[in-house]
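The structure appears right after this line, and notes come after that.
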Amino acid sequence: MSLADELSIQLYTLREFAGGDIAAQLDALAELGFKRVETYGRHLADAPAIRAALDARAMSAPTGHINLADLRERFDFTLDHAGALGLEEIFMPAVPPEDREGRDVDFWRALGEELGTIAARLEEHGIAFGYHNHHWELNAFADGGTPLEALFEGAAGSPLTFEADVAWLARGGADPVAWMKRESARLSAIHVKDLAPAGENADEDGWADIGEGTLDWPHLYKEARALGARWIVLEHDKPSDAIRFARTGRAYVLQHLA
Numbered sequence: 058m059s060l061a062d063e064l065s066i067q068l069y070t071l072r073e074f075a076g077g078d079i080a081a082q083l084d085a086l087a088e089l090g091f092k093r094v095e096t097y098g099r100h101l102a103d104a105p106a107i108r109a110a111l112d113a114r115a116m117s118a119p120t121g122h123i124n125l126a127d128l129r130e131r132f133d134f135t136l137d138h139a140g141a142l143g144l145e146e147i148f149m150p151a152v153p154p155e156d157r158e159g160r161d162v163d164f165w166r167a168l169g170e171e172l173g174t175i176a177a178r179l180e181e182h183g184i185a186f187g188y189h190n191h192h193w194e195l196n197a198f199a200d201g202g203t204p205l206e207a208l209f210e211g212a213a214g215s216p217l218t219f220e221a222d223v224a225w226l227a228r229g230g231a232d233p234v235a236w237m238k239r240e241s242a243r244l245s246a247i248h249v250k251d252l253a254p255a256g257e258n259a260d261e262d263g264w265a266d267i268g269e270g271t272l273d274w275p276h277l278y279k280e281a282r283a284l285g286a287r288w289i290v291l292e293h294d295k296p297s298d299a300i301r302f303a304r305t306g307r308a309y310v311l312q313h314l315a
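Here the sequence shown stands for residues 58 to 315, numbered as in my numbering.
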């Protein structure tokens, strides 16, 4: 399969486009040439309708973000609706806001163990499950270790996978390639986004269109693929123009990374 066919985009990027109308969002992406998308939490409840909308446009959603609360509190519902969407792999997008700062190493190890157990349960149903990082998991403990290290230590021996958000790793002061190498046995996906130069793009929270920021994406992409990344997903957390980002990002990837 060519990169043009497998390239995906996280629908969170388009959350404000067309007033949140999923049909209009999919129409715009299909017109740009996208055949895959990555869903997020709000889509779970509307899984049958969204699957029908995807099918009507010859699109698919092989990956999706699902909140931990859904997996904890309504596992069977989540499993059924993930199946309805056609998800092959689910990622937990983030810990709740109250858990992002001030938690100790035992908390993060216990979370990793819990996520590993969920991954094993989902694997029994043919769905992979992984963790998607931000930057707060890199805030070091007193001994120099990080929450992200503790989380994966807690998940040792489990089938938990890793969706590396490369730009968030860089924003947290880490070397994204070093992290992908460290967790290469888990690495299954990357989020492709870019960081603006310091002080620029304040209206977009410091993010940039892919190829217009500071990250060396040809190098990062080559390393990610060599280390086993299967899913390649474009994302922008706060685009001033989501369709511009989708268009220019897709064009950059196909010109410079394919």
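All C-beta atoms, glycine included, are put in the ideal place defined by N, C-alpha and C.
{"Check": "Beta carbon proximity, A106 to chain D, threshold 8 Å", "Outcome": "Within the model displayed, chain D is absent; a lone protein chain is all it includes."}
{"Check": "Assigned secondary structure, F219 (DSSP; H/G/I helix, E/B strand, else coil)", "Outcome": "strand"}
{"Check": "6 Å Cβ shell around E220 - same chain, five flanking residues per side excluded", "Outcome": "F148, G187, H189 and A246"}
{"Check": "Whole-angstrom distance between E63 and D266, CA atom to CA atom", "Outcome": "20 Å"}
{"Check": "DSSP beta-bridge partners of I316", "Outcome": "The displayed coordinates of the chain run from 58 to 315. Any statement about residue 316 would go beyond what the structure contains."}
{"Check": "Cα-Cα separation, D200 to A242", "Outcome": "25 Å"}
{"Check": "Buried versus exposed call for H248 [16 or more other C-beta atoms within 10 Å across all chains shown]", "Outcome": "buried"}
{"Check": "Spatial neighbours of R301 in its chain, beta-carbon cut-off 8 Å, leaving aside the 5 residues before and after", "Outcome": "D266"}
{"Check": "Contact between the region 162 to 174 and the region 139 to 146 (3+ Cβ pairs under 8 Å)", "Outcome": "no"}
{"Check": "Extent of the continuous alpha helix (DSSP H) run through H138", "Outcome": "F132 to L142"}
{"Check": "I123 versus M116, I107 and A102, residue with shortest Cα-Cα distance", "Outcome": "A102"}
{"Check": "Under 8 Å between C-beta atoms of D251 and W264", "Outcome": "yes"}
{"Check": "Burial state of D222 (16 or more Cβ within 10 Å)", "Outcome": "buried"}
{"Check": "Per DSSP, cross-strand counterpart(s) of D251", "Outcome": "A265"}
{"Check": "Environment of D127 [buried if 16+ CB atoms lie within 10 Å]", "Outcome": "buried"}
{"Check": "Extent of the continuous beta strand (DSSP E) to which I79 belongs", "Outcome": "Unbroken run through I79 is the alpha helix (DSSP H), I79 to L89; no beta strand (DSSP E)."}
{"Check": "Beta-carbon separation (whole angstroms), E292 vs T70, contact threshold 8 Å", "Outcome": "5 Å"}
{"Check": "Cβ-based burial, P275 [other Cβ within 10 Å; buried from 16]", "Outcome": "exposed"}
{"Check": "Minimum length 4: unbroken alpha helix (DSSP H) runs contained in the region 158 to 229", "Outcome": "162 to 180, 204 to 211 and 223 to 228"}
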